[in-house]
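Take a look at the structure below.
Structure (structure tokens):
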């Protein structure tokens with residue numbers, strides 16, 4: 013009888029230990045899953061913040077184009093490129109499409125900025141100056157949003173690639189997310205300022 017109790021007690025301890033390990037694993041699994049969900053939502057929110065500033069810029073561009081058109085009527089090709097790029101931004105659906113369309117819009121705005129440099133009377137126009145200040149403010153906010161988005165992407169990508177969270181991430185079909193990067197090597201060069 014004493015031997016039986018010992019075997020039963022040992023079996024109970026083993027079952028209890030296994031149950032404890034399973035419980036710890038289940039708690040870890042769900043807390044890791046919840047952390048991945050929070051990180052993914054934070055990253056998506058950061059991307060939507062970029063969308064907000066892109067929308068502000070998108071809405072400001074027609075006013076800027078119309079103001080410049082009055083001074084530079086023969087620059088229609090530049091205006092057409094800005095309008096087409098703006099349309100691509102509007103029609104982009106996926107994050108990758110939005111990133112690509114944004115890069116194209118940024119490039120066309122560079123050409124647009126070169127146009128207004130040719131017209132000193134335009135630079136003195138109060139409406140144009142106000143629009144330029146608004147655009148500069150939006151670009152600054154957009155830059156900060158991109159930095160924040162990239163930070164959340166880095167954090168998410170690192171977490172889903174480390175062990176053991178990668179096990180949970182694979183079960184959730186999580187994939188590495190793209191950074192908001194510059195596509196144009198020209199944007200990486202130093203700016204030359206001359207007076």
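In the working numbering, the protein residues as written are 13 to 207.
Virtual Cβ for every residue (Gly too), placed ideally from N, Cα, C.
For residue i, which of the options has the nearest alpha-carbon?
i, options, result
"residue 118", "144, 151, 74, 26", "151"
"residue 62", "145, 101, 173", "101"
"residue 49", "74, 168, 175, 190", "168"
"residue 162", "148, 192, 183", "192"
"residue 171", "26, 55, 29, 39", "55"
"residue 95", "176, 23, 70", "70"
"residue 59", "109, 74, 19", "109"
"residue 189", "142, 23, 107", "107"
"residue 176", "160, 142, 37", "37"
"residue 147", "74, 27, 111", "74"
"residue 57", "173, 164, 183", "164"
In terms of residues, what are the limits of the alpha helix (DSSP H) holding residue i?
i, result
"residue 181", "177-183"
Take residue i and list the residues in its own chain whose beta-carbon comes closer than 6 Å to its own, dropping the five residues that flank it on each side.
i, result
"residue 97", "116, 117, 120"
"residue 64", "none"
Could you tell me if residue i is buried or exposed, where buried requires 16 or more neighbouring beta carbons within 10 angstroms of its beta carbon?
i, result
"residue 166", "exposed"
"residue 157", "buried"
"residue 3", "Nothing about residue 3 can be reported from this structure: the residues present for the chain run from 13 to 207 only."
"residue 35", "exposed"
"residue 29", "exposed"
"residue 113", "buried"
"residue 104", "buried"
Leaving out the 5 sequence neighbours to the left and right, which residues in its chain are closer than 7 Å to residue i when beta-carbon positions are compared?
i, result
"residue 93", "120, 123"
"residue 143", "72, 75, 76, 79"
"residue 13", "The pLDDT assigned to residue 13 is 48, lower than 50, so where the model puts this residue is not dependable; a value taken from the coordinates is nonetheless given after this. Once the five neighbours on either side are set aside, residue 13 has no close Cβ partner at all."
Residue i and residue j look like a contact to me (Cβ under 8 Å); what is the Cβ gap, rounded to whole Å?
i, j, result
"residue 180", "residue 45", "5 Å"
"residue 66", "residue 154", "7 Å"
Please tell me whether, using a cut-off of 8 Å, the distance from the CB of residue i to the nearest non-hydrogen atom of the ligand GTP is below it.
i, result
"residue 187", "Looking for the ligand GTP in the displayed structure turns up nothing, as the structure carries no ligands at all."
Spatial neighbours of residue i within its chain, please: C-beta separation below 8 Å, excluding the five flanking residues on both sides.
i, result
"residue 18", "none"
"residue 203", "Low confidence applies to residue 203: its pLDDT is 38, below 50, so where it sits in the model is not reliable enough to give any reading."
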